[in-house]
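For the sequence shown, the UniProt record's numbering begins at 1 and goes up steadily by one.
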Amino acid sequence: MSAYYQPRRYPASDFPSTPDDDTALPVVVVGAGPVGMAVALGLANRGVPVTILEAADRVSFGSRAICVSRHSLEVAERLGFGAEVERIALPWLGGRSFYRDREVLRFEMPHSTSDVRGPMVNVSQSELEQVMVDALTSNPLVTLHWAAEVSGVEQDAEQVRLTVDTAFGSRRLRARWVVAADGARSRLRKLSGLRMEGDTYEGQYVIADIHWRSGLPAERLVWFDAPSNPGSTIIMHQQPNDIWRIDYQLDASDDPELETSEERIRDRISRHLTWLRNDVPWTLEWHGYYRARALALRDFRHGRVLFAGDAAHLVPIFGVRGLNSGMEDAETLAWQLAAVVGGHGDESLLRAYSAERHAAWRQNVDNASKSTLVMSPGGHGFRTTRDAVLALATERSEFSHLVNPRQSSATHAHASPLTWPVEPDVTGALPGDPLEDRKVLVRAVGGVEESSLNAVRGTGFAFLGFELAPSDADVVAASAEQLAESLPAEQVRAVVTAAPGSAVEPGDDLTVVEDPDAALAQALGARAGEVFVVRPDGLILCRVTDLSALSDVARHLVSGTAPTGGIAPSRVEGGLPSPESRRERVWLALSRALDSAAESDREGMLTRLAMLLGDKVGHEAFEELLEAAQRTAKTARE
Numbered sequence: 001m002s003a004y005y006q007p008r009r010y011p012a013s014d015f016p017s018t019p020d021d022d023t024a025l026p027v028v029v030v031g032a033g034p035v036g037m038a039v040a041l042g043l044a045n046r047g048v049p050v051t052i053l054e055a056a057d058r059v060s061f062g063s064r065a066i067c068v069s070r071h072s073l074e075v076a077e078r079l080g081f082g083a084e085v086e087r088i089a090l091p092w093l094g095g096r097s098f099y100r101d102r103e104v105l106r107f108e109m110p111h112s113t114s115d116v117r118g119p120m121v122n123v124s125q126s127e128l129e130q131v132m133v134d135a136l137t138s139n140p141l142v143t144l145h146w147a148a149e150v151s152g153v154e155q156d157a158e159q160v161r162l163t164v165d166t167a168f169g170s171r172r173l174r175a176r177w178v179v180a181a182d183g184a185r186s187r188l189r190k191l192s193g194l195r196m197e198g199d200t201y202e203g204q205y206v207i208a209d210i211h212w213r214s215g216l217p218a219e220r221l222v223w224f225d226a227p228s229n230p231g232s233t234i235i236m237h238q239q240p241n242d243i244w245r246i247d248y249q250l251d252a253s254d255d256p257e258l259e260t261s262e263e264r265i266r267d268r269i270s271r272h273l274t275w276l277r278n279d280v281p282w283t284l285e286w287h288g289y290y291r292a293r294a295l296a297l298r299d300f301r302h303g304r305v306l307f308a309g310d311a312a313h314l315v316p317i318f319g320v321r322g323l324n325s326g327m328e329d330a331e332t333l334a335w336q337l338a339a340v341v342g343g344h345g346d347e348s349l350l351r352a353y354s355a356e357r358h359a360a361w362r363q364n365v366d367n368a369s370k371s372t373l374v375m376s377p378g379g380h381g382f383r384t385t386r387d388a389v390l391a392l393a394t395e396r397s398e399f400s401h402l403v404n405p406r407q408s409s410a411t412h413a414h415a416s417p418l419t420w421p422v423e424p425d426v427t428g429a430l431p432g433d434p435l436e437d438r439k440v441l442v443r444a445v446g447g448v449e450e451s452s453l454n455a456v457r458g459t460g461f462a463f464l465g466f467e468l469a470p471s472d473a474d475v476v477a478a479s480a481e482q483l484a485e486s487l488p489a490e491q492v493r494a495v496v497t498a499a500p501g502s503a504v505e506p507g508d509d510l511t512v513v514e515d516p517d518a519a520l521a522q523a524l525g526a527r528a529g530e531v532f533v534v535r536p537d538g539l540i541l542c543r544v545t546d547l548s549a550l551s552d553v554a555r556h557l558v559s560g561t562a563p564t565g566g567i568a569p570s571r572v573e574g575g576l577p578s579p580e581s582r583r584e585r586v587w588l589a590l591s592r593a594l595d596s597a598a599e600s601d602r603e604g605m606l607t608r609l610a611m612l613l614g615d616k617v618g619h620e621a622f623e624e625l626l627e628a629a630q631r632t633a634k635t636a637r638e
């Protein structure tokens, strides 16, 4: 009996149109995928009533996005459904990649004993969405309409008018703000006359879920030029309840319609499982088709319509950035839109949302595009160099990092209009960086209790002070109270560690964290007497040593600005590039050169390059390198 998740269906919703003489709805979210529901939960948690319109009558079917990052789990915890996701999900730490039948990469994502969670879990998008639906339906400020498809949109300076097709006829809703979170084929984007711009890659993949009781470990498994399917790349991921996600690459000459037939999919998967010496029965549960794209709207705000998730931007699937970046969109948009809806924040906050999340899309694309060029190289140049790297990696492990999947990590907002500048000598976590959750010890009435940074800082803003005297701790607590008065929808907490020898007492307005060996301060690069201000979405807003500057936090946030002066935070590293960075640059430059070379001159171009390099390094070093290249040629022929 299959354990595959079957979403439950919901009855079509009937609801009245918004009367012309009635107040417009505060916010309508179009799309009940993970991003739309996360926006709705974030707004409702801040007291904003939300109406969601979903064209379907159930959550999505099939695994779709399965890899949920540590940062997204933190978002889920702050939104109120994290514990249930972690209960049903399957954790994993790393994976292995093979060239034919030889291992060329074994990796682990960063993790340590101070982490509250592992780096990644797997759970089907269907199950994630169901958990979120259950959380939404228990919130009195959220109204979710099923089988309600938007067919028209008009807006002016004050409101948006939506035409909604339902099973009971057409309805008209008026809203002050609309969030378009209706996915890659966004109807709202099309109705608004908007198009995304960017790149579409040549690679095409079939994706499938199978129910298979395998003894393989929970890790990411990849085969390049798999012996079971020569010329193809195959990816395998385990999900809960013995469900396996299998993605395999189609050749450019393959007919997608033919290759997505169940017969062909079963044949491809059977060949691979047989090659893995499988004798356990399996069933095909779901399948789909995928092409890698890196596209985005130029601006994520268009009047009173705000775009989020796949409706705003698309990233290649490799590195699992789609869902995870969408969850970041949702949490950022929720607190900023809540401030605007409540009349406590200037609409410049929404300009910051668009700027931040477009920059985050670019960060994701920069990494995902490299993974895509390895997983699914299009042109002759990138295919040739990818195969050469794989052959080299069988003998020389230093080349393995080039096929690393570059798994998703939280993005930064260094260039955001909200992010404060820093002093030139600041090191460690910079304004705009995500604040990673860590285990901490909190001073309580009965002693010291174990907790986490995410838990003590709460779901809103936090003032995090390091090695403070009691008087400075009082300033931090007062500054937190001032911000809470300016943004009343936000929870604001003051969290401090005490200076050595100081007795800072916890209270209702102050949490004291024990940091006897300064491990927390060292991890963040915090200096004694310094205060970090952390945003609701986990990004560091500013680092302040002059505590009088904390009084400016509320003023700047409400106006959607940051102080001028200083330097913009940046993660640009100085000095010589690392060996890994040099190899990556060589790989990219050589691939592009081969792609641009005339077909009749590819071998000539490579010969000229080899002669020039030989002249540069000397004949002895060149002969050693030539022998190493010849040894790997045997692997490439086998």
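Ideal Cβ positions, reconstructed from N, Cα and C, are used throughout, including at glycine.
Identity of the residue in the options nearest residue i by Cα
i      : options                           : result
LEU550 : ALA478, GLY326 and ASP537         : ALA478
VAL476 : VAL320, ILE52 and VAL533          : VAL533
ALA388 : ALA175, PRO119 and ARG583         : ARG583
SER559 : SER348, ALA429, ARG58 and LEU216  : SER348
SER112 : ARG438, ARG535, LEU464 and GLY525 : ARG438
ALA523 : PRO49, ALA593 and ALA429          : ALA429
ARG301 : SER253, THR372 and GLN155         : GLN155
SER170 : SER13, ARG555, ASP515 and ALA633  : SER13
LEU323 : SER72, ALA175 and ALA528          : SER72
PRO140 : LEU350, HIS619 and PRO49          : PRO49
LEU418 : ALA352, ASP433 and ALA32          : ALA352
TRP177 : GLN130, ARG220 and GLN336         : GLN336
ALA330 : GLY152, ALA311 and ILE317         : ALA311
ALA521 : GLU436, VAL305, LEU594 and SER409 : GLU436
THR545 : ASP199, ASP537 and ALA528         : ALA528
ASP21  : ARG304, TYR201, ALA175 and TRP286 : ALA175
PRO569 : VAL422, GLY618 and SER600         : VAL422
PRO488 : ASN45, TRP244, HIS619 and THR137  : ASN45
VAL164 : GLU129, VAL28 and ALA83           : VAL28
Beta-bridge pairing of residue i - partner residues as DSSP gives them
i           : result
GLY95       : PHE107 and ARG220
ILE317      : None, per the DSSP bridge assignment.
GLY380      : Reading off the sequence, residue 380 comes out as His, not Gly. Per DSSP, none; premise fails for HIS380.
SER69       : MET120
residue 647 : Residue 647 lies beyond the range of the chain shown here (1 to 638); nothing can be said about it.
PHE532      : LEU464 and ARG543
HIS344      : DSSP output for HIS344 lists no bridge partner at all.
LEU162      : VAL153 and LEU173
ARG102      : TYR99
Simplified DSSP assignment, three categories, for residue i
i      : result
ALA55  : coil
GLY428 : coil
MET120 : strand
ILE88  : helix
TYR10  : coil
LEU539 : strand
HIS414 : coil
THR233 : strand
ASP615 : helix
ASP199 : strand
GLY62  : coil
TRP177 : strand
PRO16  : coil
PRO26  : strand
SER452 : strand
THR419 : coil
THR143 : strand
MET1   : Because MET1 carries a pLDDT of 41, less than 50, the predicted location of this residue cannot be relied on, and the following value inherits that uncertainty. Reduced to three states, the DSSP call for MET1 is coil.
ASP366 : helix
LEU306 : strand
**OP:** Please specify which runs of the alpha helix (DSSP H), each continuous and at least 4 residues long, are wholly inside the region 244-284, giving them in chain order.
**Re:** 256-259 and 262-275
Original post:
Pairing CB atoms from the region 72-84 with CB atoms from the region 349-366, are three or more of them under 8 Å?
Top reply: no
Subject >> Validate contact between the region 466-473 and the region 496-513 using beta carbons, cut 8 Å, 3 pairs >> reply: yes
Original post:
Which runs of the beta strand (DSSP E), 3 residues or longer, sit entirely within the region 471-517?
Top reply: 492-498 and 511-514
Original post:
Is the region 114-124 in contact with the region 84-100, if contact means three or more CB pairs nearer than 8 Å?
Top reply: Contact holds: three or more Cβ-Cβ distances are below 8 Å.
**OP:** Flag this pair as touching only if the region 508-524 and the region 577-595 have three or more C-beta atom pairs under 8 Å; answer yes or no.
**Re:** Of all C-beta pairs linking the region 508-524 to the region 577-595, fewer than three are shorter than 8 Å, placing the two stretches out of contact.
Original post:
Are at least three pairs of beta-carbons, each pair with one atom in the region 176-185 and one in the region 30-42, less than 8 Å apart?
Top reply: yes
Original post:
Using 8 Å as the threshold, is the region 482-502 in touch with the region 457-465, meaning 3 or more CB pairs across them?
Top reply: yes
Original post:
Using 8 Å as the Cβ pair cut-off and three pairs as the minimum, do the region 63-70 and the region 226-245 touch?
Top reply: A contact exists between the region 63-70 and the region 226-245.
Subject >> Inter-stretch contact at 8 Å, needing at least 3 Cβ pairs: the region 366-384 / the region 432-449 >> reply: no
Original post:
Okay, do the region 243-258 and the region 128-144 touch, 3+ Cβ pairs below 8 Å being the bar?
Top reply: no
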